[in-house]
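Some notes on the structure that comes next.
2 protein chains.
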Amino acid sequence: MPAEQDISLLFNLINSFVPLTQQDKEHLIPHLSYRNVKKGDYWLAEGEKEQQVGFILEGSMRHFYLHDGEEKTTYFYFQNNLVSSYFSALTGTPSKLSIQAMSNCRLISFPYKMLVLMYELSPKWERFGRKLAEYLVIGLEERMVELLVLSPEERYNRLFNSNKKKILERMPQHLIANYLGITPVSLSRIRKRAGTKK
Amino acid sequence: MPAEQDISLLFNLINSFVPLTQQDKEHLIPHLSYRNVKKGDYWLAEGEKEQQVGFILEGSMRHFYLHDGEEKTTYFYFQNNLVSSYFSALTGTPSKLSIQAMSNCRLISFPYKMLVLMYELSPKWERFGRKLAEYLVIGLEERMVELLVLSPEERYNRLFNSNKKKILERMPQHLIANYLGITPVSLSRIRKRAGTKK
DNA sequence: CGTATTTATTATCTTTTGTTAACGTTTCAG
DNA sequence: CTGAAACGTTAACAAAAGATAATAAATACG
Numbered sequence: 126m127p128a129e130q131d132i133s134l135l136f137n138l139i140n141s142f143v144p145l146t147q148q149d150k151e152h153l154i155p156h157l158s159y160r161n162v163k164k165g166d167y168w169l170a171e172g173e174k175e176q177q178v179g180f181i182l183e184g185s186m187r188h189f190y191l192h193d194g195e196e197k198t199t200y201f202y203f204q205n206n207l208v209s210s211y212f213s214a215l216t217g218t219p220s221k222l223s224i225q226a227m228s229n230c231r232l233i234s235f236p237y238k239m240l241v242l243m244y245e246l247s248p249k250w251e252r253f254g255r256k257l258a259e260y261l262v263i264g265l266e267e268r269m270v271e272l273l274v275l276s277p278e279e280r281y282n283r284l285f286n287s288n289k290k291k292i293l294e295r296m297p298q299h300l301i302a303n304y305l306g307i308t309p310v311s312l313s314r315i316r317k318r319a320g321t322k323k
Numbered sequence: 126m127p128a129e130q131d132i133s134l135l136f137n138l139i140n141s142f143v144p145l146t147q148q149d150k151e152h153l154i155p156h157l158s159y160r161n162v163k164k165g166d167y168w169l170a171e172g173e174k175e176q177q178v179g180f181i182l183e184g185s186m187r188h189f190y191l192h193d194g195e196e197k198t199t200y201f202y203f204q205n206n207l208v209s210s211y212f213s214a215l216t217g218t219p220s221k222l223s224i225q226a227m228s229n230c231r232l233i234s235f236p237y238k239m240l241v242l243m244y245e246l247s248p249k250w251e252r253f254g255r256k257l258a259e260y261l262v263i264g265l266e267e268r269m270v271e272l273l274v275l276s277p278e279e280r281y282n283r284l285f286n287s288n289k290k291k292i293l294e295r296m297p298q299h300l301i302a303n304y305l306g307i308t309p310v311s312l313s314r315i316r317k318r319a320g321t322k323k
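Protein sequence lines, in the order shown, are assigned to chains C and W. For what it's worth, the numbering used here labels the leading residue of the first sequence as 126, then goes sequentially. For what it's worth, the numbering used here labels the leading residue of the second sequence as 126, then goes sequentially.
Encoded structure:
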């Protein structure tokens, strides 16, 4: 059972999508567990079906696809983020991506099935599900346009000036290169051209 | 007021997300309108806020972003698709993209506001909203991974072998190039390399 | 129809990125 | 503490893509 203050962090996030009553919360609380994932360990490995939704109390994670024997990191998860292979959970298919801890992580988790069950139990939770998916649509749409319309260099500069700059500050550069859809060598050159703005 | 059989096409689509009762349907029907959009005309122009959701009975559309004075087409809409700047509707901000008819189009439309109102009125509709957003997440996630992980040539080949091949068959090639995130000249070369599989 | 516009291909040249490898530095684990 | 692994930069070369322009073909439309 997770600590009180940790649980309230999770509900702070959920509340930012849909304000919940104490009663709504009670539905979820019995199904929360506390988990530790050590640096380098996996939250989810390729081929497994996603069963859990995590909430990161501390630490960070990445997810990556294996393509031609290479790990292609396409997303990062930080403190206060939900972490899950949403795609695998939604489709019920084995995950094509792996999620790995970049540092020792403390999380709260609950079964994805419980979330779906709560969609049935309460319109509030159903609304949360909608808002969450809509939030993801907005993020994915923005990122996809950048990939389609901007050059790698423009993408780097935009990331540098965005609210996701913490990715640049906290993640190794070759993973950022993946995230931008280019090679590490290419990113090194782009940074040099840009005058290595610290 | 749209024709009976046209309305039933719309509900066929909605039913594939969430089965509706006759009563659920009655909520929406009074707000449906029939619309024609001529080839070349706009469903939505950049800078406008999206107010409507369309359902294409006949015809096709594209949406594009203006970048450095160039139109970058990043999505196509066909018969039986919903058409809307979901991003603009969700965020309530002026649209950064324009949606234009590629051929004469017949549509049913209803105000996005009505959809949101129905989210309030009925959990069934709320669920539809969730399923729709989840469906979009799945599509966006897949496409984004392709953009990050595959080369332009691999992306072309995958499109060629996908269930979206109709894009290749029905759309002009320079727009497909945009859709793949490359230039028309480059796509022409890729097709040549690929042996111009018919 | 027939003319104007759009579209696709090809060629040439430039720029960028990918690939591979070497090197020095940092990080990490035993 | 120390050797191994991981990381970032740089160089040299190859491959691919972008830019521009010319041309040919297809299409649109008055």
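Each residue gets a CB set at the ideal place from its N, CA and C atoms; glycine is no exception.
Check                                                                                                                          : Outcome
Beta-carbon gap between proline 219(W) and lysine 174(W) smaller than 8 Å                                                      : yes
Nonlocal neighbours in the same chain, by C-beta distance under 6 Å from asparagine 303(C), ignoring five residues either side : Lys197, Thr198
Touching by the beta-carbon criterion (3+ pairs, under 8 Å), the segment 224-231 of chain C and the segment 233-253 of chain W : no
Proximity of aspartate 166(W) and alanine 214(W) at Cβ, strictly below 8 Å                                                     : no
Coil, strand or helix - lysine 249(C) by DSSP                                                                                  : helix
Inter-stretch contact at 8 Å, needing at least 3 Cβ pairs: the segment 178-194 of chain C / the segment 242-260 of chain C     : no
Cα-Cα separation between valine 262(W) and valine 262(C), rounded to whole angstroms                                           : 5 Å
Euclidean distance between Cα positions of serine 141(W) and lysine 249(W)                                                     : 13 Å
Buried or exposed (CB count within 10 angstroms, at least 16 for buried), valine 241(C)                                        : exposed
Among Leu157(W), Glu259(W), Asn282(W), Ser185(W), nearest to methionine 296(W) - alpha-carbon criterion                        : Ser185(W)
Residue-level contact to chain W via CB, lysine 322(C), 8 Å cutoff                                                             : Low per-residue confidence applies at lysine 322(C): pLDDT is 39, beneath 50, and the placement is therefore not dependable enough to give any value.
Neighbourhood of isoleucine 301(W) by C-beta, 7 Å cutoff - its chain only, sequence neighbours within 5 removed                : Ile292, Leu293, Leu312
Proximity test, Cβ basis, 8 Å: tyrosine 202(C) and chain W                                                                     : no
Neighbour flag for valine 270(C) against chain W, beta carbons, 8 Å                                                            : yes
Histidine 299(W) to valine 310(W) span [Cα, whole Å]                                                                           : 8 Å
Residue nearest to glutamine 148(W) in terms of C-alpha spacing, selected from Lys163(W), Glu259(W), Ser247(W)                 : Ser247(W)
Cβ of lysine 197(W) within 8 Å of any chain C Cβ                                                                               : yes
Environment of methionine 126(W) [buried if 16+ CB atoms lie within 10 Å]                                                      : exposed
Rounded C-alpha distance that separates glutamate 245(W) from threonine 308(C)                                                 : 47 Å
is_contact[proline 127(C), chain W] using C-beta, thresh 8 Å                                                                   : no
Reduced DSSP category for threonine 216(C) - H, G, I as helix; E, B as strand; rest coil                                       : helix
Within chain C, the residues that leucine 261(W) reaches when beta carbons sit closer than 7 Å                                 : Val262
Any chain C beta carbon closer than 8 Å to glutamate 175(W)                                                                    : no
Whole-angstrom C-beta distance between methionine 269(C) and leucine 305(W), which should lie under 8 Å                        : Wrong, their Cβ atoms sit about 12 Å apart, outside the cutoff.
Residue-chain proximity (leucine 215(W), chain C), Cβ-Cβ < 8 Å                                                                 : yes
Presumed contact (8 Å Cβ cut-off) between leucine 222(W) and phenylalanine 180(W), rounded CB distance                         : Not quite, the Cβ-Cβ distance comes to about 19 Å (not below 8 Å), so this is no contact.
Interface flag, valine 274(C) vs chain W, CB-CB below 8 Å                                                                      : yes
Contact set between alanine 258(C) and chain W, taken where Cβ atoms lie within less than 8 Å                                  : Arg255, Ala258, Glu259, Leu261, Val262
Helix, strand or coil at asparagine 161(C) [DSSP, three-state]                                                                 : strand
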